[in-house]
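Take a look at the structure below.
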Amino acid sequence: MTAPVATARFSEAELAYLLGERRLGRLATADASGQPHVVPVGWSYNAELGTIDVSGRRFAATRKYRNARANPRAAFVVDDVLPPWHPRCVTVQGVAETVEAPAPGEALLRIHPRSIVSWGLEA
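If you count by this note's numbering, then the sequence shown holds residues 10 to 132, one letter each, in order.
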């Protein structure tokens, strides 16, 4: 199977926000029946592919990884609130590619953006 390709690209403001100090995001996946599952995750930006990569300990055994194998649609959010009340957010909807690593049990989800929406980044 050919790997998905990111069709949406992050703006400079979105990348500056994402590559700042925010290391925790929220990943939403759904199983084959459509039951949603949202969890906080560590992540990294893959500049070569323009993707969001999510991994962790024994990642191939996680519900989020199993969900992505059954249903590759995913959403990802990084957000925060500056005082007194200035919400900022980058949301990504896309295709989650499951990638197995060489070590047993190691794997990652590579989210190929199809849609990127952000707000509040001007502050």
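Ideal placement from N, C-alpha and C gives every residue a C-beta, glycine not left out.
Taking C-beta atoms as the reference points, Ala83 and Thr16 fail to come closer than 7 angstroms. When C-beta atoms of the segment 86-97 are compared with those of the segment 113-123, fewer than three pairs fall below 8 angstroms, so the two segments do not count as touching. As DSSP reads the structure, Val99 sits in a beta bridge with Val87, Ser127. DSSP lists Ser53, Arg119 as the beta-bridge partner residues of Asp62. Burial state of Ala77 is buried, judged by a 10 Å Cβ sphere holding 16 or more other Cβ atoms.
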